[in-house]
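Note sheet for the following structure.
The structure is reproduced here in structure tokens:
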């Protein structure tokens, strides 16, 4: 019998990420505002303005570059900024580390590990989209064995994010500076809790989706403000809301780590 049975609670795992934010609301507001401003500046420097992509009505009144040559560098820089944000939040809230110049020198390697793990995390969670595209653009094969193998591989792509939820605690373990390669250990300890974990993730994802859609809805359509100012506000608030969702997920990862690895 798994001795973690009494420890894991869907309600606690859903609510506690929010409690952690509320308990550290000043830290989140300051850090979120600072890093949202960085994203705004980054979008203007690379020409990847928010409303150029999501509000054509306003975008026609401001400069939007015809070429997306800077899109890839923008994404890399944006992920780098998010990586730093995640580490600062975790180390300040969960480890009470003082943030100064020495901090960035001492933990630069951890930033790199976080960046790589974040790429893996995003890539694996995009597998259902890849599987859907493979189904949409597939050409039927007359050999049924090949068809069966094809659908099996594509089907696995849809299931990957579900199994990935059992390994979320390893991301927090990496942020904590511990051994994050405990795949076998966390797989064993989360055995029997997949449905509870997936249910919690589903609730958090639904909240995140509704929150993002609600906030971004305010920046659709026309505006009386100058287009560039409206874009800067839209970019700022979208980034701020995104950081809220990211922090909520990091808090959830930490809760899973505490439940199954600590």
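Numbering (this note's numbering), first residue to last: 37 to 298.
All C-beta atoms, glycine included, are put in the ideal place defined by N, C-alpha and C.
Contact annotation, residue 283 with residue 64: C-beta distance approximately 6 angstroms; criterion of less than 8 angstroms satisfied. A distance below 6 angstroms between beta-carbons, with the five flanking residues on each side excluded, links residue 197 to the following residues of its chain, in chain order: 161. Per DSSP, the unbroken alpha helix (DSSP H) holding residue 55 starts and ends at 46–59. Our two residues, residue 171 and residue 190, have alpha carbons roughly 8 angstroms apart in a direct line.
When the Cα atoms are used, residue 230 and residue 149 turn out to be separated by approximately 26 angstroms. Contact between the region 95–111 and the region 126–138 is absent: fewer than 3 CB-CB pairs across the two stretches fall below 8 angstroms. 7 angstroms or more divides the Cβ of residue 235 from the Cβ of residue 47.
With a minimum length of 4 residues, there is no unbroken run of alpha helix (DSSP H) contained wholly in the region 250–284. The closest CA to that of residue 49, considering only 255, 238, 268, 275, is found on 238. Annotation: residue 228 to residue 222 spans about 12 angstroms, alpha carbon to alpha carbon. Excluding the 5 residues flanking it on each side, residue 84 has same chain C-beta neighbours closer than 7 angstroms at 106, 107, 110, in chain order. When DSSP states are grouped into helix, strand and coil, residue 134 belongs to the coil group.
By the criterion of a C-beta distance shorter than 7 angstroms, residue 123 is surrounded in its chain by 143, 146, 147, 150, 211, once the five residues flanking it on both sides are discounted. For residue 216, the three-state secondary structure derived from DSSP is coil. Pairing residue 276 with residue 176, the inter-Cα distance amounts to about 45 angstroms. Taking the Cα of residue 268 as reference, the smallest distance to any Cα among 61, 79, 51, 166 is reached at 79. DSSP places residue 154 in the uninterrupted alpha helix (DSSP H) bounded by 144–161. Counted as a single uninterrupted DSSP element, the stretch harbouring residue 228 is not any alpha helix (DSSP H), since DSSP gives it neither H nor E.
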